[in-house]
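**Q** Before I ask anything, here is the structure I am working with.
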Amino acid sequence: MNKRQSQILDLLAKNKKMEVTKLSELLNVSQVTIRKDLVILENSGIIVREHGYPSFETITTFL
């Protein structure tokens, strides 16, 4: 996991759900980059994506 993906997880831990556009603005990267990171995190079982919003299913299993 890279630094940006960790930052995404930190933001999701605080906000539970966030739009891709908001994540890209906060992290100063493109929406495409955020979507790629979200796919990696989802495939790892760390997050769940629902109706276009990434969210944590559980944080404790990751920590």
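Just so we're aligned: the sequence shown equals residues 1 to 63 in the UniProt record's numbering.
In this text, a Cβ means the ideal position worked out from N, Cα and C, and glycines have one as well.
If you draw a straight line from the alpha carbon of L48 to that of E42, how long is it in whole angstroms?
**A** With the sequence shown as reference, residue 48 is identified as Val, and Leu is not the correct amino acid for it. If you take the alpha carbons of V48 and E42, they lie about 6 Å apart.
**Q** The alpha helix (DSSP H) that contains V48, what's its start and end?
**A** From DSSP, V48 is part of no alpha helix (DSSP H) but of the beta strand (DSSP E) over 47-50.
**Q** Just the Cα atoms here: how many angstroms apart are I40 and V20?
**A** Computed Cα separation, rounded: 14 Å.
**Q** For V29, which option in Q7, P54, M1 has the closest C-alpha, if you only look at C-alpha atoms?
**A** For V29, the nearest C-alpha among the options comes from Q7.
**Q** With a threshold of 8 Å on Cβ separation, who are the neighbours of I34 within its own chain once the five nearest residues in sequence on each side are excluded?
**A** Result list for I34: I8, V20, L23, S24, L27, in chain order.
**Q** Leaving out five residues before and five after D37 in sequence, what residues of the same chain have Cβ atoms less than 7 Å from its Cβ?
**A** The answer, listed in chain order, is R4, Q5, I8.
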